[in-house]
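Here is the structure we will look at.
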Amino acid sequence: MNMDIKSRYWLLVVGLLLLVSCKRNSSKYDDNQVFRYNEHANITTLDPAFAKDLRTIWATNQLFNGLVQLNDQLEVQPDIATSWTISEDGKTYSFNLKKDVKFHKHILFGKDSTRNVVANDFEYSFHRLLDPKVASPGKWVLDFVDKFEAETDSTFVIQLKQSFPPFLSLLSMKYCSVVPHEAVSYFGNSFRANPVGTGPFQFKLWVENTKLVFRKNNFYHEKDEKGNSLPYLEAVSITFLPDKQSEFLQFIQGNIDFMSSIDASYKDDLLTSEGKLTERYNTKIDMVSGPYLNTEYLGIYVDAAEKEVQSKKIRQAINYGFDREKMILYLRNGIGTPAINGFIPKGLPSFNAMKGYTYQPEKAKELLDAYKKETGNLNPTITISTNSQYLDLCEFIQREMEKIGLKVHIDVLPPSTLRQTKVNGQLSIFRGSWVADYPDAENYLFIFHSKNFSPNGPNYTHYSSPEFDTLYEKSIQTTDNLKRHKLYQQMDSLVMESAVVIPLYYDEVVRFSQKNVRGLGINPVNLLSLKKVQKSNLNLFAN
12 MNMDIKSRYW
22 LLVVGLLLLV
32 SCKRNSSKYD
42 DNQVFRYNEH
52 ANITTLDPAF
62 AKDLRTIWAT
72 NQLFNGLVQL
82 NDQLEVQPDI
92 ATSWTISEDG
102 KTYSFNLKKD
112 VKFHKHILFG
122 KDSTRNVVAN
132 DFEYSFHRLL
142 DPKVASPGKW
152 VLDFVDKFEA
162 ETDSTFVIQL
172 KQSFPPFLSL
182 LSMKYCSVVP
192 HEAVSYFGNS
202 FRANPVGTGP
212 FQFKLWVENT
222 KLVFRKNNFY
232 HEKDEKGNSL
242 PYLEAVSITF
252 LPDKQSEFLQ
262 FIQGNIDFMS
272 SIDASYKDDL
282 LTSEGKLTER
292 YNTKIDMVSG
302 PYLNTEYLGI
312 YVDAAEKEVQ
322 SKKIRQAINY
332 GFDREKMILY
342 LRNGIGTPAI
352 NGFIPKGLPS
362 FNAMKGYTYQ
372 PEKAKELLDA
382 YKKETGNLNP
392 TITISTNSQY
402 LDLCEFIQRE
412 MEKIGLKVHI
422 DVLPPSTLRQ
432 TKVNGQLSIF
442 RGSWVADYPD
452 AENYLFIFHS
462 KNFSPNGPNY
472 THYSSPEFDT
482 LYEKSIQTTD
492 NLKRHKLYQQ
502 MDSLVMESAV
512 VIPLYYDEVV
522 RFSQKNVRGL
532 GINPVNLLSL
542 KKVQKSNLNL
552 FAN
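Count along the sequence shown starting at 1, add 11, and that's the number in our numbering.
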């Protein structure tokens, strides 16, 4: 037997042994104790300091905890902090910590393999978040913080520079998770692939681009309403099929338990035009939907060289000139709510019920005719820049604009190019999404503050209004929720009147799961929480 044949032989033997080993390991637990889902966009880190996108937030949410958390109604609830007090001036937050929260078992903690979380751990974790050497994209969460300290092992105090009512919601973000200094010091940059937290599941295995496995944390501190220990599941298994069509097929075959959102490749097979499950699937899988704190829109850069977009009449004509309801029905199979109110999306208590831009083609044509008369420009033309994912929406708007006499060019750019050119003010009209980082409308309004002009801030439209700025400064110091929400709505109305944005739709969270999955829940920030999920023996795909 020559060396090449021998090498192949032993590679085959090793492969078979690994396959047998994997089968033995996978059969240790009943399939109903393992929750399986696919992450088509991949995961590059399990370090909560870098949890800037939904795929990373979902994974780190199973592994880490912070001071507070949000329930499905977006109400701030205790997590590692059992209670807290806020000073009358709204600047000092004092958190009382639970005394029985333990880090995941790890040899780094010595012979007992674990230790309790104390306030110093939060002090360390917050300093790490701010450390320039770490370069966390989440350091902005602490922009309003003046100082913080561990007063005792069970008391952690945060002092703000000024009152900021949404601050508790900010602390619910995964950036603010507690991490042990022992693990971070030992693993250094490789902590991303060796996470140690306090969450309901603990890290077990990661074959990058292939599979990620978490195991049940038997020392988890939370219990259910009946006093039973959480989580119920023994493990979580995440695969990384990059193709959404392949993910869909795996779900339909019962090989994964859960799928979020829809893709054009299978939406017509799965959903009716009204957004319901088709007859083929309505007895085989479950579907739930609800508001998602995401506004899809066209933004208009008012300082653009393209003179047309500098005119409010043109901007308002675009807003009035297309049927959002028809667009949602035919292009999104009914998933989403037509954005005929403000920029603040449904799902927030400060959602603006005002009547915004409804479909009024005659009014749009009148505004366009008035612009032509004023300027002498008889052939106004605009350019909309988008990526390929939203091309169908932009082409729909293009056709509608042509009906009222406005010519539209569409420029399709790669997502990264679209982001960069938008930031640098090189696009007159751009397609955008604004997903809430935290559940407060301030997160939607600060992008119109004149101090936040791009490229140094997220005000990509360069909208500027002294009245808006005054209301904004007042709102972030107003602790009364009802009064603050009214200020938010006033600001939202100002932005809409200026027509610097063209809201398209308020998005929806859509979740599909197998019939044997219970306790998955749904929430407007699309956070995946698996600590209360259970699976039964039901399998409708066996035949």
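Ideal Cβ positions, reconstructed from N, Cα and C, are used throughout, including at glycine.
In this structure, L378 and K324 form a Cβ contact; the two beta carbons are roughly 5 Å apart against a cut-off of 8 Å.
For K546, the beta-bridge partners assigned by DSSP are V528.
When secondary structure is reduced to three states using DSSP, K497 falls in the helix class. Taking the Cα of R326 as reference, the smallest distance to any Cα among Q44, S509, D83, K542 is reached at S509. Rounded to whole angstroms, the separation of the alpha carbons of N53 and D254 is 11 Å. Counting only the Cα atoms, V45 lies some 30 Å from E193. Taken through DSSP and simplified to helix, strand or coil, M270 comes out as strand. Here the alpha carbons of T306 and Y104 stand approximately 31 Å from one another. Restricted to the stretch 243 to 310, the alpha helix (DSSP H) segments that are unbroken, complete and at least 4 residues in length are 255 to 263, 278 to 281, listed in chain order. Here L216 is exposed, its C-beta having fewer than 16 other C-beta atoms within 10 Å. The count of Cβ pairs closer than 8 Å, one atom from the stretch 204 to 219 and one from the stretch 70 to 87, reaches three, so the stretches are in contact.
The beta carbon of S300 is closer than 8 Å to those of G286, I346, E519, V520, V521, R522, I533 in its chain, skipping five residues each way along the sequence. Taking a 10 Å sphere around the C-beta of I118, we find fewer than 16 other C-beta atoms and assign the residue as exposed. Taking C-beta atoms as the reference points, L482 and F407 fail to come closer than 8 Å.
Shown here, K113 sits in a strand according to DSSP, grouped into three states. Within the same chain, Cβ atoms closer than 6 Å to the Cβ of Q88 are found at Q80, N82, the five residues on either side in sequence being excluded. Per the C-alpha coordinates, the member of P450, K113, L438, N330 positioned closest to G358 is P450. Three or more pairs of CB atoms, one per stretch, sit closer than 8 Å, so the stretch 141 to 156 contacts the stretch 172 to 182.
In the DSSP assignment, Q80 is bridged to Q88.
For N220, DSSP records no beta bridge to any residue. Y243 is the residue among F214, Y243, G149 whose C-alpha sits nearest the C-alpha of S547.
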